Amino acid sequence: MKCFSIKALCFCMLLTSTAYSQTAKRQLPAKRINTTIKIDGVLQDAAWKDAPLADKFIALRPTPFIPETAGNATQVYFLYDNDGIYVGGYLHEKNKDSIAAELKGRDGFGNNDFIGVIFDTYYDQQNGFEYFVTPLGEQWDAKVSPNTNGNSEDFSWNAVWESAAKMQHDGWSFEMFIPYSAIRFGKKNVQDWGLNIVRRRQKSGEQLFWQSIDPNANGFLTQEGSFTGLENIKPPMRLQFSPYFSTYLNHDGTAATGVKKSSATVNGGMDVKYGINQAFTLDMTLIPDFGQVQSDNRILNLTPFEQRFNENRAFFTEGTELFGKGNLFYSRRIGIEPRFKKWLSPGVDETIIEDPGQAKIINATKISGRTQKGLGVGILNAITQKQYTKFQDINTKQTRLGENMPLTNYNILVLDQTLKNNSSVSLVNTNVWRSGKDYDANVTSALFDLNDKKNKWNIGGNISFSNLLGKNGKNTTGYAHSIYFAKTSGRFTFNVWQDLYNSKYDKSDFGYFTNNNTMDQGIWAGYNWVKPRGWYNQVRLNANIWYSRLVTPIDQLRRKEMMYQNASMNINFNAQTKKLWWVGMNINGGPGRNDFMSRENMAGYSGIKAG
Numbered sequence: 072m073k074c075f076s077i078k079a080l081c082f083c084m085l086l087t088s089t090a091y092s093q094t095a096k097r098q099l100p101a102k103r104i105n106t107t108i109k110i111d112g113v114l115q116d117a118a119w120k121d122a123p124l125a126d127k128f129i130a131l132r133p134t135p136f137i138p139e140t141a142g143n144a145t146q147v148y149f150l151y152d153n154d155g156i157y158v159g160g161y162l163h164e165k166n167k168d169s170i171a172a173e174l175k176g177r178d179g180f181g182n183n184d185f186i187g188v189i190f191d192t193y194y195d196q197q198n199g200f201e202y203f204v205t206p207l208g209e210q211w212d213a214k215v216s217p218n219t220n221g222n223s224e225d226f227s228w229n230a231v232w233e234s235a236a237k238m239q240h241d242g243w244s245f246e247m248f249i250p251y252s253a254i255r256f257g258k259k260n261v262q263d264w265g266l267n268i269v270r271r272r273q274k275s276g277e278q279l280f281w282q283s284i285d286p287n288a289n290g291f292l293t294q295e296g297s298f299t300g301l302e303n304i305k306p307p308m309r310l311q312f313s314p315y316f317s318t319y320l321n322h323d324g325t326a327a328t329g330v331k332k333s334s335a336t337v338n339g340g341m342d343v344k345y346g347i348n349q350a351f352t353l354d355m356t357l358i359p360d361f362g363q364v365q366s367d368n369r370i371l372n373l374t375p376f377e378q379r380f381n382e383n384r385a386f387f388t389e390g391t392e393l394f395g396k397g398n399l400f401y402s403r404r405i406g407i408e409p410r411f412k413k414w415l416s417p418g419v420d421e422t423i424i425e426d427p428g429q430a431k432i433i434n435a436t437k438i439s440g441r442t443q444k445g446l447g448v449g450i451l452n453a454i455t456q457k458q459y460t461k462f463q464d465i466n467t468k469q470t471r472l473g474e475n476m477p478l479t480n481y482n483i484l485v486l487d488q489t490l491k492n493n494s495s496v497s498l499v500n501t502n503v504w505r506s507g508k509d510y511d512a513n514v515t516s517a518l519f520d521l522n523d524k525k526n527k528w529n530i531g532g533n534i535s536f537s538n539l540l541g542k543n544g545k546n547t548t549g550y551a552h553s554i555y556f557a558k559t560s561g562r563f564t565f566n567v568w569q570d571l572y573n574s575k576y577d578k579s580d581f582g583y584f585t586n587n588n589t590m591d592q593g594i595w596a597g598y599n600w601v602k603p604r605g606w607y608n609q610v611r612l613n614a615n616i617w618y619s620r621l622v623t624p625i626d627q628l629r630r631k632e633m634m635y636q637n638a639s640m641n642i643n644f645n646a647q648t649k650k651l652w653w654v655g656m657n658i659n660g661g662p663g664r665n666d667f668m669s670r671e672n673m674a675g676y677s678g679i680k681a682g
């Protein structure tokens, strides 16, 4: 059976801050001052008069490489002192009504104009820090880290810094102060940082950069300019204690007769954050209470797989970008619903009087950072306590305990070495140890991602081994790999890839994993027209072919012809008009699929956790 679908979409422009490459490198010298600047967005302090100027911005969108007009000129100044970096500027607007300004709150840029500075403090073209401000003075920030498609921005990262902005008769002005405590850098007497500055003019659809960006090149930190000559900067001591105390009153109106309907609990603990040095940070939480964290939405899960939830606990979202290497770490495993809860049930004339819904975290510790030579190190350890479901006999009032969660120790170690040409090699190990007779799990993965000198060709992949120690009374070793080869810059780009997980591979004890015993492979190719012509500003066309099969047959006769799972192809067309509207068309097709993922076929997939 063949099936095809065609979708046409027209929607308003959504302008993001994704960026790509460059031409001639620009430099901005650093200048030290001995006075303090008042951050009010006005730039009236005398120190700004002789500050180094970054100007003559160049467009990325809607038309690449077009210089900004004089009436809408951008002027940004930089200074530094013993405490941090000062950034101020004036963003001219020929027509003041063209300024887009609305209140969105911190980390919500919405449809605002904005100005942002991007520092690559290690000058490795892979890791950076971003600080943005809007015409109404609202701020947001992000931490930049490498990924296969160039650079990724983590907007959950939050630093403490100052900003202010003020509307002017012919534009708007701004000031920022970024203390050294809000940024990470190496230990050198004289430092050069990577630098770029981005401005968005929302109503005109413009996105402009101080260091020009090539939309056909891969990544945006690879196309940065430089901020040179920072001398003798020393970070302050970073030490923070956050003790807490909380009480809870619980009332269960459905409790059985003779069972207490109300109970009270008292909790206390502490969070500690310590800067071991400027590059590495230690975070600890002792007996944490996540009772104020946003709860998960309830979802009716009709799939054979467990639901994947977002992480809302700050300890597991801040400074964790290294732990995402290899996709082996799913932080929601720490503090999950007790493992044996669904297998425990009350006996005759028994009722449950205590049944913890989540494993209690005793403590968690993480150390993360990157050395001056580009070695990133991430270590995380967390311990959850042994827990019990408590049953009571309705008649005799006797109680008994059923273990629903063993004492569990979670560990992850990440070593990530950045190399020349935006390349890297990494080693990741996760380990889950459980007390008693329950099994332990260990997964190790080696990764590489290599680019040529022109950042045009890319090859990468990983090899991973999983070990389940004592599961079902035996040890099981599984194997997985991924490999890809791509052309990442230029009008024409492509990616050829393969992912394989054998039938014994299982990383689900500390990672999120849906199914093993599968091999997926495919090719993606695309062509971009980014120079405006006729009716359009840019046109993007791409096609994708994908094929999936089992690694090992799972039918009783083990027939190899029963290994095909799925195949599909799609063609995508997207274009931006001169009026900044997007129009798109998508064509999908495939020969049908064999649904080995139905619940009755789950036995063939040892890595699945059913929903």
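Add 71 to the 1-based position in the sequence shown for the numbering used here, that's all there is to it.
Don't be surprised by glycine CBs; every beta carbon is placed ideally from N, CA and C.
Note that this is a predicted model, so its numbers are computed, not measured.
List the DSSP bridge partners of residue i.
i, result
"residue 595", "566 and 615"
"residue 551", "535 and 572"
"residue 263", "None; residue 263 has no bridge partner."
"residue 439", "352 and 449"
"residue 110", "According to DSSP, which records beta bridges pairwise, residue 110 is partnered with nothing at all."
"residue 245", "160 and 236"
"residue 540", "511 and 546"
"residue 202", "188 and 212"
Residue i: which of the options sits nearest, CA to CA?
i, options, result
"residue 466", "190, 418, 344 and 167", "418"
"residue 661", "112, 652, 619 and 648", "619"
"residue 489", "520, 460 and 505", "520"
"residue 562", "611, 377, 539 and 652", "611"
"residue 208", "556, 503, 244 and 129", "244"
"residue 303", "392, 598, 382 and 261", "261"
"residue 197", "663, 447, 475 and 512", "447"
"residue 203", "583, 143 and 267", "267"
"residue 426", "400, 399, 471 and 441", "471"
"residue 723", "477, 384 and 178", "Residue 723 is absent from the model: the chain starts at 72 and stops at 682."
"residue 256", "636, 279, 166 and 440", "440"
"residue 140", "527, 415 and 278", "278"
"residue 333", "455, 348, 341 and 319", "319"
"residue 229", "438, 217, 254 and 493", "254"
"residue 165", "143, 394 and 252", "143"
"residue 579", "503, 386 and 492", "503"
"residue 497", "480, 173 and 518", "518"
"residue 134", "283, 151, 249 and 169", "283"
"residue 501", "400, 458, 509 and 551", "400"
"residue 276", "373, 642, 182 and 394", "182"
"residue 453", "379, 617 and 479", "479"
"residue 348", "438, 321 and 380", "438"
Could you give the first and the last residue of the continuous beta strand (DSSP E) run that contains residue i?
i, result
"residue 314", "310 to 322"
"residue 422", "421 to 425"
"residue 511", "511 to 522"
"residue 459", "458 to 464"
"residue 653", "652 to 661"
"residue 68", "Lying before the first or after the last residue shown, residue 68 is absent from the chain, which here runs from 72 to 682."
"residue 414", "Unbroken run through residue 414: none, as it is neither H nor E."
"residue 292", "No beta strand (DSSP E) holds residue 292; DSSP gives it neither H nor E."
"residue 688", "Because the chain spans 72 through 682 in this model, residue 688 falls outside it and cannot be assessed."
"residue 301", "296 to 302"
"residue 100", "98 to 100"
Where does residue i sit, in a helix, a strand or coil, going by DSSP?
i, result
"residue 396", "helix"
"residue 252", "helix"
"residue 638", "strand"
"residue 180", "coil"
"residue 142", "helix"
"residue 212", "strand"
"residue 121", "helix"
"residue 46", "Only positions 72 to 682 of the chain appear in this structure, which leaves residue 46 out of reach."
Less than 8 angstroms between the C-beta atoms of residue i and residue j, yes or no?
i, j, result
"residue 435", "residue 359", "yes"
"residue 187", "residue 269", "yes"
"residue 287", "residue 506", "no"
"residue 599", "residue 397", "no"
"residue 345", "residue 353", "yes"
"residue 577", "residue 584", "yes"
"residue 455", "residue 412", "no"
"residue 430", "residue 355", "no"
"residue 298", "residue 101", "yes"
"residue 549", "residue 587", "yes"
Taking 8 angstroms as the CB-CB limit, is residue i close to chain B?
i, result
"residue 477", "Of the protein chains in this structure there is only one, and it is not chain B."
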